[in-house]
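Take a look at the structure below.
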Amino acid sequence: MKKWLLMSLMAVLVLALAACGGDKKEEASAPAADGDGGYTKEKPLVLKFSHVTSIDSVKGKAADAFAKLVDEKTEGKVKVEVYPSSQLYGDADELDALVSGNVHMIAPSVTKMVKIDPRWQYVDMPYLFENEEHVRKFFESDVAKTILESDQLAANDVKGLVFWGNGFKHFSNNKHPLVKPEDFKGLKFRAQAGKVLEEQFKALNAGSATISFGETYAALQQGTVDGQENTFNNFDTQKYQEVQKHFSVSEHGRLDYAIFVNKPFWDKIPADLLTAVEEALDEATTLALDLASEENEKSFENIKNSGIEVIELTTEQKEAIKAQLDPVYEEFGEVITEELINGIRDLK
Ligand code: LMR
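Going by our numbering, the first residue of the sequence shown is number 149, and it counts up by one from there.
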């Protein structure tokens, strides 16, 4: 009888704990559960993935594909909620939202990680990458690991998982064609983040303003800035051809992404579900890399057909711009570190 009473009391206690502990799975201290942790299609584990580009962009398509793959592989037990177009958080606050756990996954253009680690501005170093093959080699390299698995990220409860590409950046503006370094003089450009891009425009005798992605179209339309730099696909999917007149294919820098997750959240995904989510991420990453090339090619055609002036710079013209950008290496070589810059160059 006593044993029965004790068991009943324990059952009541377990039920009471379960009732008030719906969020207990999210606590940093509790270890990840085995198996599927009791999640079901009806009561799934929700993973919030926030990003700033449109659903038809390289990143938008890859993020949606990831969500679909996770749904298939976990039989609906993990639900990836994708919030595109800065719907939930814009540039300025998506990283803060990740650190605080208000979202669980982001895929920012890596230069925006400057707040946590200035080395992420490697991506802006002028003409550092030679071609797509060079970029992909870097993504898979130990050099990339040093920054993706850094202590700086861990100290902020952030875990870097994998790189997704977008493409080379090109300049555009609405005043005149940009061909020679002198053509940039006196113009003002939108920049994503950080001091490296500020220095890049300074070296071209131009000004710059950090403007979030979501506000860039309006800034170009209203003349807050004259120009911008971005990939074919971001330019096209944001419809900058409506507010820019001259486009120079300059390939002067890169715009790439990495997937970052909130570490306490990630560490508590039950074992079986984690395996499935990781598999989905692997597949989505392969897809994202292919999409980056395909979508940028399509967008380049769209830009050429849009009626704005498109100038494909010659090797000599690019060399002249590159030489003008030397001060960026003088100013920021140390911040980005020789290890990273030379490590990337050695992968050519
Ligand atoms: C930008 O701000 O131009 C890009 O970072 C947007 C993006 O995420 O591709």
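Think of the CB as a built atom: it goes at the ideal place given N, C-alpha and C, for glycine as much as any other residue.
Review point. Do you know how far the Cα of Pro-418 is from the Cα of Phe-319?
Key: Cα-Cα distance, rounded: 46 Å.
Check your understanding: Given that a residue counts as buried once 16 or more other Cβ atoms are within 10 Å of its Cβ, and exposed if not, what is Asn-314?
Key -> Around the beta carbon of Asn-314, a 10 Å sphere encloses 16 or more other beta carbons of the protein chains shown; the residue is thus reported as buried.
Check your understanding: DSSP three-state call for Thr-358: helix, strand or coil?
Key -> DSSP, read as helix, strand or coil, puts Thr-358 in strand.
Exercise for review: For Tyr-388, name the three-state secondary structure that DSSP assigns.
Suggested key: Residue state, collapsed to three classes: helix.
Review point. How about Thr-385: is its Cβ closer than 6 Å to a heavy atom in the ligand LMR?
Key: No, Cβ of Thr-385 sits at least 6 Å from all heavy atoms of the ligand LMR.
Exercise for review: For Asn-378, verify whether its CB is less than 6 Å away from any heavy atom of the ligand LMR.
Suggested key: True, at least one ligand heavy atom lies under 6 Å from that Cβ.
Point to revise | 8 Å contact criterion, which Ala-245 and Ser-205 should meet: CB distance rounded | key: 20 Å between Cβ atoms; not a contact.
**Study point:** Near the ligand LMR: Gln-340 beta-carbon under 6 Å from a heavy atom
**Key:** Correct: Gln-340 has its Cβ closer than 6 Å to the ligand LMR.
Practice item. Identify every residue that forms a DSSP beta bridge with Ser-320. Key: Beta-bridge pairing links Ser-320 to Gln-376, Phe-395.
Practice item. Indicate the three-state DSSP secondary structure (helix, strand or coil) for Asp-474 in the structure shown. Key: Per DSSP, reduced to three states, the secondary structure at Asp-474 is helical.
**Study point:** Val-327 versus Gln-392 - alpha carbon distance
**Key:** In this structure, the CA atom of Val-327 is about 16 Å from the CA atom of Gln-392.
Review point. With distances taken between CB atoms, is the gap from Gln-300 to Ile-264 smaller than 7 Å?
Key: It is a contact, given that the beta carbons lie within the stated cut-off.
Review point. How should His-324 be labelled, buried or exposed, when 16 other C-beta atoms within 10 angstroms of its C-beta is the threshold for buried?
Key: Exposed, because fewer than 16 other Cβ atoms sit within 10 Å of the Cβ of His-324.
Review point. Less than 7 Å separating the beta-carbons of Gly-362 and Gly-208?
Key: No, the Cβ-Cβ distance between Gly-362 and Gly-208 is not below 7 Å.
Check your understanding: Hey, would you say Ile-456 sits closer than 7 Å to Asp-384, going by beta carbons?
Key -> No; because the gap between Cβ atoms is not below 7 Å, this pair is not in contact.
Practice item. May I ask you to verify whether the region 221-231 touches the region 273-288, counting CB pairs closer than 8 Å and requiring at least 3? Key: The way I'd put it, the region 221-231 doesn't touch the region 273-288; fewer than three beta-carbon pairs between them come closer than 8 Å.
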